[in-house]
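J.: Can you read through this structure? Questions will come right after.
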Amino acid sequence: MEHNFPDIETGNSTIELVTPKELTKVIKTDINPRKSPGYDLITGELLQKLPRKAIIKLTNLINTAFRLCFNVPDIWKMAEIIMIPKHGKSANKIKANIPISLPPVLYKVSEKLLLKRIKPIIERKNLIPTHQITDVTEKAYENKKVCSAIFLDVAQAFDKVWHEGLVHKRQKMLPKQDTELLKLYITTRMFRVKQEEAYSTIKEAKAGVPQGSVLGPMLYLLYTCNIPQKENITMATFVDHSAIIAVGDNSEEASRKLQQASDNINNRAQAWKIRINETTTLNISE
Numbered sequence: 000m001e002h003n004f005p006d007i008e009t010g011n012s013t014i015e016l017v018t019p020k021e022l023t024k025v026i027k028t029d030i031n032p033r034k035s036p037g038y039d040l041i042t043g044e045l046l047q048k049l050p051r052k053a054i055i056k057l058t059n060l061i062n063t064a065f066r067l068c069f070n071v072p073d074i075w076k077m078a079e080i081i082m083i084p085k086h087g088k089s090a091n092k093i094k095a096n097i098p099i100s101l102p103p104v105l106y107k108v109s110e111k112l113l114l115k116r117i118k119p120i121i122e123r124k125n126l127i128p129t130h131q132i133t134d135v136t137e138k139a140y141e142n143k144k145v146c147s148a149i150f151l152d153v154a155q156a157f158d159k160v161w162h163e164g165l166v167h168k169r170q171k172m173l174p175k176q177d178t179e180l181l182k183l184y185i186t187t188r189m190f191r192v193k194q195e196e197a198y199s200t201i202k203e204a205k206a207g208v209p210q211g212s213v214l215g216p217m218l219y220l221l222y223t224c225n226i227p228q229k230e231n232i233t234m235a236t237f238v239d240h241s242a243i244i245a246v247g248d249n250s251e252e253a254s255r256k257l258q259q260a261s262d263n264i265n266n267r268a269q270a271w272k273i274r275i276n277e278t279t280t281l282n283i284s285e
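Going by numbering that gives the first Met the number 0, the sequence shown opens with residue 0, and the numbers climb by one from there.
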């Protein structure tokens, strides 16, 4: 028998609660049973073998977490970071290793359920604008205009997201309950590093969004999407890469507009603790 879980209403938001059927579907279809476990050693394979009673109890636990603004058990927010040596590099050097974060599988489940509830609000309010670079360039070509563009790469984009800044921005865009959900999702996260059989001390992740998470890219876009744009200036973003396109009657005008837009974005990036990687930035004109 399916349990009937009512929605939670808090402030200006109605949070749809999870049902055992929905939770089971996420565990069965969205969780890879062969993935390495996190800090708690619980695997996807183990979750997929849970009996019905355990699924109901887990459903109640997740719903309680949603009711308390994503106040999930602390152990769910503890990531284990392993170091993978880069090809052909010495593992003894820190920069020769790629850190891979392994969050607990229950954290992955809960964030997938949270994304399902947050994403429709973001799409309905058009909080993340969509721009096609080809549309801009084709229109400029048809009108005999000139395009000048700069492609930006943000250094350590997901790792450096300023928590307080993200929460401040979202307060003006999302209902209070949803803002609180996201706040507790990105804050109070802990991690430890594993190197062979040795472990570091446990530390708090004071910046960034969870590595490899389904919510991370969306939160980063929410953090960077509200940069004001002037006429004939378009900014398009894909994950942690952005393109600024300026259109003018000639190369000089397009370049001047592009420089003004670039200066504006650099100033805003510094204010919001975003660092542009100058070594991988490209400027082109057509």
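The beta-carbon is built from N, C-alpha and C at its ideal position, and this holds for glycine as well.
These figures come from a predicted structure and were not determined experimentally.
Tell me whether Q176 sits in a helix, a strand or coil according to DSSP, three-state version.
T.: Q176 falls in the helix class under three-state DSSP.
J.: Using only alpha-carbon positions, find the residue among S212, L60, W161 and E122 that is nearest to A270.
T.: Per the Cα distances, W161.
J.: D152 bridges to which residues according to DSSP?
T.: D152 is bridged to H240.
J.: Is the Cβ-Cβ distance between I55 and P19 less than 8 Å?
T.: Closer than 8 Å, so yes.
J.: If you count every other CB in all the chains shown that lies within 10 Å of the CB of K107, and 16 or more means buried, which is it?
T.: So K107 ends up on the buried side.
J.: Identify, in the order they occur along the chain, each residue of the same chain with its Cβ nearer than 8 Å to the Cβ of E44, setting aside the five sequence neighbours on each side.
T.: Within the same chain, E44 has close Cβ partners P32 and R33.
J.: Within the continuous alpha helix (DSSP H) that includes F190, where are the two ends?
T.: Run containing F190: none in the alpha helix (DSSP H); it sits in the beta strand (DSSP E), R188 to Q194.
J.: Return the Cβ separation of V246 and A253 in integer angstroms, given the expectation that the two are a contact with Cβ distance under 8 Å.
T.: Their Cβ separation, rounded to whole angstroms, is 6 Å, which keeps V246 and A253 in contact under 8 Å.
J.: With a 10 Å radius around its C-beta and 16 neighbouring C-beta atoms as the bar for buried, classify I243 as buried or exposed.
T.: Counting Cβ neighbours within 10 Å, I243 comes out buried, since at least 16 surround it.
J.: L101 and S35 - do their beta-carbons sit closer together than 8 Å?
T.: For S35 and L101, yes; Cβs fall inside 8 Å.
J.: In angstroms with no decimal places, state the Cα-to-Cα distance between A148 and N263.
T.: Whole-angstrom Cα-Cα distance: 15 Å.
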